[in-house]
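Take a look at the structure below.
There are 2 protein chains.
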Amino acid sequence: MSSSTSDLVTLAAGVALALGAASGVAAQQAPLSAQDSDPRVMGWMQGFPPPADKMITQPDSVYFSFPRLRWSVCHLREFLPTEEISRGVGAPVPLDYPSPAKFAELRAQIDAVTFLPQNSDQPMTWEESLFANYTDGMLILHKGQVVYERYFGCLEEDGKHAIMSMTKSFTGLLAEIMVVEGTLDDTLLVRDVIPEIGDSAFASATVRQVMDMTTGVKYSENYSDPNADIWLYSAAASPLPKPEGYDGPDGYWEYLQQVQPEGNHGDEFHYKTINSDMLGWIISRVSGKPVTDLASERLWRRMGVEQDAYQTVDGKGVPFAGGGITAGLRDLGRLGQLMLDRGELNGERLFPAEVVEKISAGGDRSKFGDGFPTFGAGSYTSQWWVLHNDHGAFAARGVHGQTIYVDPTAEMVLVRLASFPQAQNGFIDPTSLPAYQAVAEFLMANN
Amino acid sequence: MSSSTSDLVTLAAGVALALGAASGVAAQQAPLSAQDSDPRVMGWMQGFPPPADKMITQPDSVYFSFPRLRWSVCHLREFLPTEEISRGVGAPVPLDYPSPAKFAELRAQIDAVTFLPQNSDQPMTWEESLFANYTDGMLILHKGQVVYERYFGCLEEDGKHAIMSMTKSFTGLLAEIMVVEGTLDDTLLVRDVIPEIGDSAFASATVRQVMDMTTGVKYSENYSDPNADIWLYSAAASPLPKPEGYDGPDGYWEYLQQVQPEGNHGDEFHYKTINSDMLGWIISRVSGKPVTDLASERLWRRMGVEQDAYQTVDGKGVPFAGGGITAGLRDLGRLGQLMLDRGELNGERLFPAEVVEKISAGGDRSKFGDGFPTFGAGSYTSQWWVLHNDHGAFAARGVHGQTIYVDPTAEMVLVRLASFPQAQNGFIDPTSLPAYQAVAEFLMANN
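Heads up: the protein sequence lines correspond to chains A and B, in order.
Residue numbers for the first sequence follow the working numbering, so the first one is 1 and each next one is one higher.
Residue numbers for the second sequence follow the working numbering, so the first one is 1001 and each next one is one higher.
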């Protein structure tokens, strides 16, 4: 199990982001509340031009540190080059809503749902949890119908929000679709798919080990170590021109070619973002398409989504398969519904049910370790988190509080987009996972 | 009248682009034909990764020089930070098409239309002109119906293309809407709208002079002069981190604050991009909204467009009001139809007819000079080109062959997106403007 800091990911196009360091400092200073750090309250980027102290610019150590990140999570494309995940040019398929009266009633009921946060004997209401978690958007679908939808901070219904490591679950879903459809053999070694991976530690891993992050690869995120891998990775991935004299890897894929071994493939789950980028390379090589096009063709163009999504890229135009996607709240709800309904959406089958059955069944729990105590004794497979709880829930998760949470028993899909001051979900799970369970039980009992 | 090189604009976010210089060199080497330089034929950015000699990366002197620019015009966001011009989340309003049989018949007829290029006695067919002009997309609407639509090179029906200086016509249209609606007084001096313009030469110009580019401001685009203003402008506008020791203006607006005078306000039309950025600042200050939001609210959300557009930004998030927009071909056709129909589209009035009446009436022809011999004795007003021909045509125009051409007499709207090797439309007009007239006459005679 990697250390808790490995829960961090490099942002977006991989520009160096000391997320943990920056947010840790902020936390020690007692961060502003959700209400006080609302970007509209803060006045970020208001005015033409904004006052100097309200301007948010490069570098990412500025724009992606709290409280500025509460604005920036909705505006990543304004800082970084991106590729589109096109929805095509057709009409979206509207989501199903109850009557306005029923919708209002449900909101009041759900806001009043109470739960006990982890390690606490102080009950909290659902609505309180939204603020405790610096929520920017919350959508709940029950039996395919929107029963709850609220926006805060920088997000609006026609806006988009960085989904951080939920990007991995896009990459993993696309890979799993290819495996089930027989176009990707997950028993192959990486070097059999990408010969030029060379002497990289990834060479001898299987595609499945990459998908499940059980590779034995060295990738440290110790921010106090100037030689930590995170810095080299960030430098490689930055879309900005390389500094004079830079002779390191250029782009995600050159970085992956020089990864060193650490431990043995297959032994343990280690949450390391480089696996996701390795997987992105694999599925691009096999399909002949960038991950953005794959996501567009297999998902976005066929899901009736409302908005294009986008994905940050490195200096060679390679999308950040480990964390680069920005998308709309409702469209992520559609993705969750597609997962709940095992590959069907709007009456159309997009991929075999087996894809979701494999993901929701989870990975090898014995390899999960105890590094995510707030998440519990779960597993990780095909870049999705599986809770192994009595509702069979599984999730996409990203730093600062992003989640798509699918509860098959309650027939519930929940999407939260957020800008929690600290990156690690370990800080956010205690007031989130019990809340999701409580809402699921409310919906099962009342609807 | 400024020199012919002033027909150039800096690209996108203003990164230094020696468009004229680069494309001039290419031209001397006899550029590849449209067919041979098709980016699919060239193999740009194919493969995972592409071969090194097929990779297109920063800087813009590489990615925006011919023949690479034939790929890059469809992929600007992959190089630069951008802001969205949102279409909202509703359904698009489909364009009207004839039956497939009629559509095919019309295409054959239009492809066979012949015309005499300027200064030539060799007739050319319409279809030949498409290749002569390195056309990427061509759309013709007649009486509101699509009668011709073809895609080439990097563009497809669900793709987007840089529109270069046609961006100015977005900015000017938004300004004219505000003038006609009474929220912007075009007789005000710039310093009365933006006091911090300070001692800039723009301070004493009227808003109307900025709109019509009759300001007396120094802005040279002599690429062989290292002190030419274009370089300082590009350095200011670049979204990349400023080089160490850089002490020049940062962003479009700081640049505008230090512009020097040249000639007198109101004397002559000088095609200088900085006027468009000055106008963008003015309408943002007055409306309290960035030009991207203005374009979204007043145009894109209300036009039934199919795709979001986007606009490149400087390092402070200010959109490039003089050249930064990328959009879809059909959506630009919708904009042309909106202009043809004097502010009405899909049965809805978006702005007063007077807006288009003022634009199509043109500017002061006595100030136009003779710097655009291929365009003829026209005028420029509110950032639109007016031909003052017997059809009353007017146009948005951008380097490398972009145009929205509105012919009220023929009830024709024509949109061309292109990637001509050289920037200046003076090279492209001879095989374009007579072709447009010929097609207009064909449509009037036959439909």
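Each residue gets a CB set at the ideal place from its N, CA and C atoms; glycine is no exception.
Query	Result
Selection from B/Pro1243, B/Ile1197, B/Met1178 that minimises the alpha carbon distance to methionine 1211 of chain B	B/Met1178
Members of the segment 48 to 63 of chain A that neighbour chain B once the beta carbon cut-off is set at 8 Å	Phe48, Pro49, Met55, Ile56, Thr57, Gln58, Pro59
Length of the line joining the Cα atoms of glycine 398 of chain A and valine 62 of chain A	20 Å
Alpha-carbon spacing of methionine 45 of chain A relative to leucine 95 of chain A, whole angstroms	32 Å
is_contact[glutamine 1307 of chain B, chain A] using C-beta, thresh 8 Å	yes
Beta-carbon spacing of valine 406 of chain A, leucine 332 of chain A below 8 Å	no
Three-state secondary structure (DSSP) of leucine 1139 of chain B	strand
Proximity test, Cβ basis, 8 Å: proline 1092 of chain B and chain A	yes
Residues, ordered as in the chain, of the segment 239 to 253 of chain A that lie near chain B by beta-carbon distance below 7 Å	Leu240, Pro241, Trp253
Beta strand (DSSP E) segment containing valine 386 of chain A, residue limits	384 to 386
Spatial distance of threonine 167 of chain A from alanine 1203 of chain B (CA atoms)	48 Å
Chain-ordered chain B contacts of valine 281 of chain A [CB-CB under 8 Å]	For the record, residue 281 of chain A in the displayed sequence is tryptophan; it is not valine. By Cβ distance, chain B contributes Phe1048.
Whole runs of the alpha helix (DSSP H) within the segment 318 to 363 of chain A, excluding any shorter than 4 residues	329 to 340, 353 to 361
One or two residues paired with isoleucine 197 of chain A in a DSSP bridge	Note: isoleucine 197 of chain A sits in no beta bridge, so no partner.
Reduced DSSP category for valine 210 of chain A - H, G, I as helix; E, B as strand; rest coil	helix
Residues sharing a beta bridge with isoleucine 1404 of chain B, DSSP	B/Ala1396, B/Val1415
Reference serine 1432 of chain B, options B/Gly1401, B/Leu1279, B/Glu1149, closest by Cα	B/Gly1401
Residues, ordered as in the chain, of the segment 1157 to 1180 of chain B that lie near chain A by beta-carbon distance below 9 Å	Glu1157, Asp1158, Gly1159, Lys1160
Amino acids of chain A, ordered along the chain, whose beta-carbon sits closer than 8 Å to that of methionine 1045 of chain B	Gly317
Three-state secondary structure assigned by DSSP to isoleucine 1274 of chain B	helix
Residues bridged to glutamate 1083 of chain B [DSSP beta-bridge criterion]	B/Gln1311
Contacts that glycine 88 of chain A makes with chain B (C-beta to C-beta distance below 8 Å)	Asp1158
Within chain B, partners of threonine 183 of chain A - CB distance below 8 Å	Those within 8 Å of threonine 183 of chain A in chain B number zero; the least Cβ separation is about 15 Å.
Proximity test, Cβ basis, 8 Å: proline 1031 of chain B and chain A	no
For isoleucine 282 of chain A and isoleucine 194 of chain A, believed in contact at Cβ under 8 Å, the rounded distance	7 Å
Length-filtered (4 minimum) alpha helix (DSSP H) runs lying within the segment 97 to 185 of chain A	100 to 112, 126 to 132, 166 to 181
Rounded separation between asparagine 1119 of chain B and alanine 1377 of chain B - CA only	16 Å
Inter-residue Cα distance where the pair is glutamate 105 of chain A and serine 99 of chain A	10 Å
Within chain B, the residues that arginine 285 of chain A reaches when beta carbons sit closer than 8 Å	Phe1048
Minimum C-alpha distance to serine 169 of chain A - residue among A/Asp429, A/Leu32, A/Val356	A/Val356
Run of the beta strand (DSSP E) containing serine 1379 of chain B, from where it starts to where it stops	1379 to 1381
Chain-ordered neighbours of valine 313 of chain A on chain B, where CB pairs are closer than 8 Å	Glu1078
Cβ pair tyrosine 252 of chain A, aspartate 314 of chain A closer than 8 Å	yes
Any chain B beta carbon closer than 8 Å to glutamate 83 of chain A	yes
Straight-line gap, glutamate 1084 of chain B to arginine 87 of chain A (C-alpha atoms, nearest Å)	15 Å
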